[in-house]
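Engineer: Chains as they are written, first to last, in this note's numbering: chain A, 412 to 638; chain B, 412 to 638. Ideal placement from N, C-alpha and C gives every residue a C-beta, glycine not left out. The structure displayed is predicted, hence computed values, not measured ones. This structure is in structure tokens; I'll ask about it shortly.
2 protein chains.
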Amino acid sequence: MVKCLYGHVMKNSSAELTHEAGTWPAPQNKRQAILNAAADVFAEQGFAGASIDAIAARAGVSRQTIYNQLGDKDNLFKVVVSEITDRSSAGFFRVLDTFPVAPQDLETELALFSAQLLRKALCDPNGRWLRKLVETEGARFPELFETWKEYGPGKKYPAIAARLAQLAHAGYLDIDDPGLAARQYMALLATDLRYDQQIGRQTPESEIDRMASDATRTFLRAFARKR
Amino acid sequence: MVKCLYGHVMKNSSAELTHEAGTWPAPQNKRQAILNAAADVFAEQGFAGASIDAIAARAGVSRQTIYNQLGDKDNLFKVVVSEITDRSSAGFFRVLDTFPVAPQDLETELALFSAQLLRKALCDPNGRWLRKLVETEGARFPELFETWKEYGPGKKYPAIAARLAQLAHAGYLDIDDPGLAARQYMALLATDLRYDQQIGRQTPESEIDRMASDATRTFLRAFARKR
DNA sequence: AACATTTTGGACACAATTGTCCAATTGGTC
DNA sequence: GACCAATTGGACAATTGTGTCCAAAATGTT
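Now the structure itself:
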């Protein structure tokens, strides 16, 4: 039950990252260990339920080190969210670069892209925890919520909409409202993730391809250009 | 320490059956006031963050009354979830009775039904809080989670699937997998609720009809029987 | 080896919370 | 008015968590 997001990379990789271009005078190793552990504990316990001691224990550092490096609990939370926001956003846009803008076989290629999106972005523990964290604690950290909005849904949905509009313009799709189509595409893609989450089931990797093709098939039945 | 879900809860539950009131306030007895307040505070603050004092203050009762009527915090939480599960489930099935099984104008009538479902079931604060509560604290109360699963998604999705299969059998729809169609229908229906929730926006009542017709249109574009 | 910087663990004050006990008060009922 | 149950508020011990201080130890640098 107790797992660290990135396994146990925190032990000894001192030789490589010590002289990174980072502006941090402190070693990055413990800091990353703390942030990963904090992400776990915050996601599991919520903000109020996550104790600094639990985070310290899971990170394998002393409690004092957390205060030294990251200040108080509020700030720790903010840093965790902003770090994970960055990672998650980067993953999404890396996948988005593979969007099939001029496909030979639209359904096949869109299903492949959808599977990648599910795997690398929507299923990604980082992203899911982030969503849960922000959903749960957003009211308590308004400015944090703004950042998340701006870099999360605020950029992802328009990006998807733009690609769909591109496909429509190229004659593949028949779309009135690209924004709506993007939201519905994402909703269809997340259909079973959401369902599984509601019944407390962890979606197995083996079902991702089926989910992607189910969503793609329905989406294209609705939006593929008829001839 | 962990007792049965319906353990010593039976204090008043048989005495008063008239908690039908469609409107939120005006709880006749203190027990209902406590449960409503507790639902608010638990949903806002999470389990760990919700203090008994805060709940008592919002309910307008003394802290001791909560302990008298509902026992400790764990049990209070369980009772809150089970009460709201009942209400939410009842609302859903009341709407489900209006499903258009033999429509004259499928799109119009299905859109009307969808709007009712959004209004009475998916948008309902009770249901949304419940979902959030269970999602956040499900790991801490496994047996509670089982109950929620059984009376929540476990009954709702098959019920929707059955209605859709009925429509398909009657020649209105072209559906291979009714279960998948039901999940996708619900996903499309909740598209903008989910989006709004992600960007921290409270979906205004005025948009529900549009959301219902958007979802219905796309669903029927994908599943309406062609001829 | 000598130095600088982190890290550590333990102690501490302080605040919040839980759950209990109890005496006083309220409100309804006969 | 008298009785009875529910309610109230206050005090209480026990626990838990936050954030700080500090001296000893570990770690890395020159």
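Check whether the Cβ of A:K560 lies closer than 8 Å to any Cβ atom in chain B.
Structural biologist: With 8 Å as the cut-off, A:K560 counts as an interface residue toward chain B.
Engineer: Got a sec? Which residues, its chain only, sit under 6 Å from B:R498 by beta carbon, not counting five neighbours each side?
Structural biologist: So the qualifying residues of the chain are N537.
Engineer: Excluding the 5 residues flanking B:V491 on each side, which residues of the same chain have their C-beta closer than 6 Å to its C-beta?
Structural biologist: Same-chain partners within the cutoff: L446, A449 and A450.
Engineer: Three-state secondary structure (DSSP) at A:A623?
Structural biologist: If DSSP states are grouped into helix, strand and coil, A:A623 belongs with the helices.
Engineer: Listing by chain order, which chain B residues have their CB less than 8 Å from the CB of A:L599?
Structural biologist: Those within 8 Å of A:L599 in chain B are Q595, A598 and L599.
Engineer: In whole angstroms, what is the alpha-carbon distance linking B:S493 and B:T558?
Structural biologist: Answer to the nearest angstrom: the Cα atoms are 8 Å apart.
Engineer: Express the C-alpha separation of B:L584 and B:G590 in angstroms, rounding to a whole number.
Structural biologist: If I take the Cα positions, the gap works out to 14 Å.
Engineer: Using Cβ-Cβ distances below 8 Å, what residues of the stretch 553 to 578 of chain A are close to chain B?
Structural biologist: Against chain B - using a Cβ distance shorter than 8 Å - the residues of the stretch 553 to 578 of chain A are F556, K560, G563, P564, G565 and Y568.
Engineer: Since I believe A:R621 is in contact with B:A598 (beta carbons under 8 Å), could you give me their beta-carbon distance rounded to a whole number of angstroms?
Structural biologist: Wrong, their Cβ atoms sit about 15 Å apart, outside the cutoff.
Engineer: Which residue from A:L487, A:G563, A:Q527 and A:A444 puts its Cα closest to that of A:A459?
Structural biologist: Considering only alpha carbons, the answer is A:L487.
Engineer: Identify the continuous alpha helix (DSSP H) that holds B:I477 and give its terminal residues.
Structural biologist: B:I477 -> alpha helix (DSSP H) spans R474 to L481.
Engineer: In chain A, which residues lie less than 7 Å from B:D603 when you measure between Cβ atoms?
Structural biologist: By Cβ distance, chain A contributes R594.
Engineer: In chain B, which residues lie with their C-beta within 7 Å of the C-beta of A:A459?
Structural biologist: Neighbours of A:A459 on chain B, chain order: Q456, G457, A459 and G460.
Engineer: Going by beta carbon distance, what residues of the same chain come within less than 7 Å of A:D535, once the five residues before and after it are set aside?
Structural biologist: Cβ neighbours of A:D535 beyond the five flanking positions: S499 and G502.
Engineer: According to the Cβ coordinates, are B:R574 and B:F510 closer than 8 Å?
Structural biologist: Yes, the pair counts as a contact, with Cβ atoms nearer than the cut-off.
Engineer: Can you pull the DSSP bridge partners for A:L584?
Structural biologist: In the DSSP output, where bridge partners are listed per residue, A:L584 has A:A635.
Engineer: In the DSSP assignment, the alpha helix (DSSP H) including A:S499 goes from what residue to what residue?
Structural biologist: Its alpha helix (DSSP H) spans residues K484 to L507.
Engineer: When you check each C-beta in the stretch 497 to 531 of chain B against every C-beta of chain A, which residues fall closer than 8 Å?
Structural biologist: If the cut-off is 8 Å between Cβ atoms, the stretch 497 to 531 of chain B has nothing near chain A.
Engineer: Let me confirm a value: A:R594 is counted as buried when at least 16 other C-beta atoms fall within 10 Å, else exposed. Which label applies?
Structural biologist: By the 10 Å Cβ count, A:R594 comes out buried.
Engineer: Starting from A:D643 and walking both ways along the alpha helix (DSSP H), at which residues does that stretch end?
Structural biologist: Nothing in the structure corresponds to residue 643 of chain A, since chain A is present only between 412 and 638.
Engineer: Could you round the C-beta distance between A:L533 and A:A454 to whole angstroms and report it? I think they count as a contact, below 8 Å.
Structural biologist: Their Cβ separation, rounded to whole angstroms, is 16 Å, which puts A:L533 and A:A454 out of contact at 8 Å.
Engineer: Could you give the residue range of the alpha helix (DSSP H) that holds B:V452?
Structural biologist: Unbroken alpha helix (DSSP H) run through B:V452: K441 to G460.
Engineer: With a threshold of 8 Å between beta carbons, is B:D625 in contact with chain A?
Structural biologist: It does; some Cβ of chain A falls within 8 Å.
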